[in-house]
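Heads up, the thing below is written out as structure tokens.
Number of protein chains: 2
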Amino acid sequence: MSERVSEKQQQILQFLREFIGEKDYPPSIRDIQEGCRISSTSVVDYNLKRLEEKGFIRRDREVSRAIELLEGGERRARTVRVPVLGKIAAGRPIPMPPEHLTPESYDEFVEVTDRQTGGRDNVFALRVEGNSMVDALINDGDIVLLQPTQSCDDGDMVAVWLKRENETTLKRLYHEGGRVRLQPMNAAMQPFYTDLDNVEVQGRVLAAIRNW
Amino acid sequence: MSERVSEKQQQILQFLREFIGEKDYPPSIRDIQEGCRISSTSVVDYNLKRLEEKGFIRRDREVSRAIELLEGGERRARTVRVPVLGKIAAGRPIPMPPEHLTPESYDEFVEVTDRQTGGRDNVFALRVEGNSMVDALINDGDIVLLQPTQSCDDGDMVAVWLKRENETTLKRLYHEGGRVRLQPMNAAMQPFYTDLDNVEVQGRVLAAIRNW
DNA sequence: TAGGCAGCAGAACATATGTGCCGACCAGGG
DNA sequence: CCCTGGTCGGCACATATGTTCTGCTGCCTA
Chain L
1 MSERVSEKQQ QILQFLREFI GEKDYPPSIR DIQEGCRISS TSVVDYNLKR
51 LEEKGFIRRD REVSRAIELL EGGERRARTV RVPVLGKIAA GRPIPMPPEH
101 LTPESYDEFV EVTDRQTGGR DNVFALRVEG NSMVDALIND GDIVLLQPTQ
151 SCDDGDMVAV WLKRENETTL KRLYHEGGRV RLQPMNAAMQ PFYTDLDNVE
201 VQGRVLAAIR NW
Chain X
213 MSERVSEKQQ QILQFLREFI GEKDYPPSIR DIQEGCRISS TSVVDYNLKR
263 LEEKGFIRRD REVSRAIELL EGGERRARTV RVPVLGKIAA GRPIPMPPEH
313 LTPESYDEFV EVTDRQTGGR DNVFALRVEG NSMVDALIND GDIVLLQPTQ
363 SCDDGDMVAV WLKRENETTL KRLYHEGGRV RLQPMNAAMQ PFYTDLDNVE
413 VQGRVLAAIR NW
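Residue numbers (the working numbering), protein chains in the order written: chain L, 1 to 212; chain X, 213 to 424.
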């Protein structure tokens with residue numbers, strides 16, 4: 001068996017992508033047959049077997065339309081709906097999610113890939129309000145993805161509430177003896193030092209998204 | 213018919229989400245029956261009809277597993293694979309995509325939702341290298357999504373090549389008489405004025421993504 | 001030239017799966 | 001009490017759909 005993907009297999013792969021992209025459910029073998037003008041279902045089956053061997057797709061036997069498209073050996077990314085819990089601003093603590101996030105309880109969502117959430121659940125999103133986060137290179141209107149947590153490792157990008165300053169900020173956090181160093185994203189800016197008691201980690205920042 | 217979504221329908225909706233999230237293809241009526249411990253296929257069918265009337269799903273009749281999940285009245289977002297054509301840096305022109313983007317010709321991809329590409333095709337991505345884009349609040353390592361274009365409307369965020377300065381930059385562009393004003397994202401920074409001949413619009417910036 | 005193998009055609013076959021029909025149950029209204 | 005509409009159970013039926021078998025056609029090689 002050639003390791004190469006034959007013309008026909010390439011065509012089937014392309015058809016799979018288009019079909020799924022259009023309908024949101026995979027095609028049947030006979031759909032593929034028609035779509036690629038293949039003369040027999042057995043040919044489709046044959047080539048699907050080859051594609052499966054080569055790792056381009058995964059099939060569940062005996063189950064109709066059970067073709068999963070893999071890309072680059074990996075599972076295709078899936079979209080997840082992340083609830084937008086509210087706004088994040090310098091002068092306000094972060095609105096925290098309730099114990100159990102139920103997708104139904106929120107009106108607003110952003111749709112991101114599960115690569116961006118790292119597959120974690122209970123991720124939530126906040127819309128940045130104002131220009132107070134520019135030192136983290138985050139602008140008014142940006143969306144940040146957060147994972148609720150109280151603890152974090154050194155160097156993690158976290159959202160912290162500074163009790164004395166009454167302020168929310170996004171910084172990299174490093175423990176240094178009894179103190180913590182809060183390092184702005186923008187390398188040109190000076191780090192901020194404070195003591196452990198003054199900081200309250202609200203969440204780990206996973207990603208930031210800006211749309212124009 | 214009650215406009216309300218009954219307990220059972222809620223349960224089916226939830227099951228649909230989980231099933232599709234797990235398998236990448238929709239469940240059959242009998243899958244739903246088992247998954248939701250429903251006593252008969254006709255009950256599933258009945259409730260699917262109700263859900264379709266209410267706009268939560270769309271079904272293709274006679275076709276097995278042809279259930280599309282809608283969310284908030286809209287189609288669920290799909291992931292698209294955007295090729296990463298290269299790096300973007302201040303001192304280099306932007307690597308432009310060839311005439312016809314074929315998904316197979318690139319090694320590296322980022323997966324984003326089609327909401328982020330605005331459904332446009334021939335979108336491509338670049339990885340930002342260096343800190344020269346901080347005035348656009350874009351950092352080393354960020355990913356920017358671009359759509360190839362030579363022309364743009366006033367106020368569009370664009371990637372431009374400044375011929376005299378030999379430099380690539382991301383700015384909002386405004387035509388002002390015979391000149392153009394390039395406005396940095398960061399409101400605190402001064403705009404840059406130059407003449408029309410000096411700028412070469414390479415693409416419209418659609419989105420920026422940062423992952424920690 | 002015979003044999004082996006990848007790929008293809010065609011058709012029969014076995015299930016997987018959507019649909020229709022009939023009756024039961026229940027709550028509300030006349 | 002009966003009627004009606006919404007919901008459910010059970011089941012048979014038609015067809016949508018994956019699988020398999022047999023044979024054919026090139027092509028390569030011992």
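The beta carbon of each residue, even a glycine, is placed where N, CA and C say it ideally should be.
Beta-carbon contacts of residue i that lie in its chain and below 6 Å, excluding the five residues immediately before and after
| i | result |
| --- | --- |
| L:Glu111 | Thr79, Arg81 |
| X:Phe404 | Leu394 |
| X:Gly247 | Phe227 |
| X:Tyr318 | Pro295 |
| L:Val63 | none |
| X:Val370 | Cys364, Leu385, Val413, Arg416 |
| L:Phe19 | Pro27 |
| L:Gln11 | Cys36 |
Element boundaries [beta strand (DSSP E), containing residue i]
| i | result |
| --- | --- |
| L:Thr169 | 167 to 176 |
| L:Val84 | 79 to 88 |
| X:Phe336 | 336 to 340 |
| X:Asn423 | 411 to 423 |
| L:Arg219 | There is simply no residue 219 of chain L to check, as chain L begins at 1 and stops at 212 in what is shown. |
| X:Asp407 | 404 to 407 |
| L:Thr261 | Beyond the ends of chain L as shown, which are 1 and 212, falls residue 261 of chain L; an answer cannot be given. |
| L:Arg68 | Sequence inspection shows Glu at residue 68 of chain L; the Arg mentioned does not correspond to that position. Where L:Glu68 is concerned, the enclosing beta strand (DSSP E) stretches over 67 to 71. |
Own chain, CB closer than 8 Å to residue i, minus 5 neighbours either side, in chain order
| i | result |
| --- | --- |
| X:Leu282 | Gly267, Phe268, Ile269, Arg270, Arg288 |
| L:Pro93 | Trp161, Thr168, Gln202 |
| L:Met1 | Only weak support is given to the placement of L:Met1: the predicted model assigns it a pLDDT of 45, under 50, and the value that follows is read from those uncertain coordinates. Counting only Cβ-Cβ distances below 8 Å, and skipping sequence neighbours, we find Arg50, Glu53. |
| L:Tyr25 | Arg65 |
8 Å Cβ cut-off: residues of chain L touching residue i
| i | result |
| --- | --- |
| X:Thr438 | Missing from the structure shown is residue 438 of chain X; chain X here goes from 213 to 424 and no further. |
Contact set between residue i and chain L, taken where Cβ atoms lie within less than 9 Å
| i | result |
| --- | --- |
| X:Met401 | Near X:Met401 there are no residues of chain L at all, since even the closest Cβ is about 10 Å away, more than 9 Å. |
Contacting residues, own chain, Cβ-Cβ under 7 Å from residue i (five flanking each side not counted)
| i | result |
| --- | --- |
| X:Leu349 | Met397, Asn398 |
| L:Leu175 | In the sequence as presented, Leu is not what sits at residue 175 of chain L; that position holds His. Closer than 7 Å at Cβ, skipping near neighbours: Asp154. |
| L:Arg29 | Here the sequence assigns Ile to residue 29 of chain L, which means Arg is not the residue at that position. Counting only Cβ-Cβ distances below 7 Å, and skipping sequence neighbours, we find Thr41, Val44, Asp45. |
| L:Phe109 | Arg81, Val82, Pro83, Val84 |
Under 7 Å by beta carbon: chain L residues contacting residue i
| i | result |
| --- | --- |
| X:Pro238 | Tyr25 |
| X:Val346 | Leu137, Asn186 |
| X:Ser233 | Before going on, a small fix: residue 233 of chain X reads as Gly here, not Ser. Those are Arg78, listed as they occur along chain L. |
Bridge partner(s) assigned by DSSP for residue i
| i | result |
| --- | --- |
| X:Met369 | X:Arg384 |
| X:Pro396 | For X:Pro396, which the question treats as bridged, DSSP gives no partner whatsoever. |
| X:Arg391 | X:Glu388, X:Asp407 |
| L:Thr113 | L:Thr79 |
| L:Ile143 | L:Arg127, L:Ile209 |
| L:Glu74 | L:Glu71 |
Under 7 Å by beta carbon: chain X residues contacting residue i
| i | result |
| --- | --- |
| L:Val122 | Looking at the sequence shown, residue 122 of chain L is not Val but Asn. Those do not exist, as L:Asn122 stays about 15 Å from chain X at its closest Cβ, beyond 7 Å. |
| L:Asn131 | Ala399 |
Partner residues on chain X for residue i, Cβ-Cβ distance less than 8 Å
| i | result |
| --- | --- |
| L:Gln116 | Ile421, Asn423 |
Element boundaries [alpha helix (DSSP H), containing residue i]
| i | result |
| --- | --- |
| X:Leu228 | 219 to 235 |
| X:Ile244 | 241 to 247 |
| L:Glu52 | 41 to 53 |
Residue i beta carbon near the ligand SAH (any heavy atom closer than 8 Å)
| i | result |
| --- | --- |
| L:Glu108 | The ligand SAH is absent from the structure shown, which contains no ligands of any kind. |
For this session: Could you run through the segment 42 to 70 of chain L and flag, in chain order, every residue whose CB is less than 9 Å away from some CB of chain X?
Result: Listed by position along the chain: Arg58, Asp60, Val63, Ser64, Arg65, Ala66, Ile67, Glu68, Leu69.
For this session: Below 7 Å between beta carbons is the criterion; list the residues of the segment 289 to 301 of chain X that meet it against any residue of chain L, in chain order.
Result: Of all residues in the segment 289 to 301 of chain X, Ala289, Arg290, Thr291, Arg293 have a Cβ within less than 7 Å of some Cβ in chain L.
Problem set entry | Near-chain X residues of the segment 195 to 209 of chain L - C-beta to any C-beta below 7 Å | Against chain X - using a Cβ distance shorter than 7 Å - the residues of the segment 195 to 209 of chain L are Val205, Leu206, Ala207, Ala208, Ile209.
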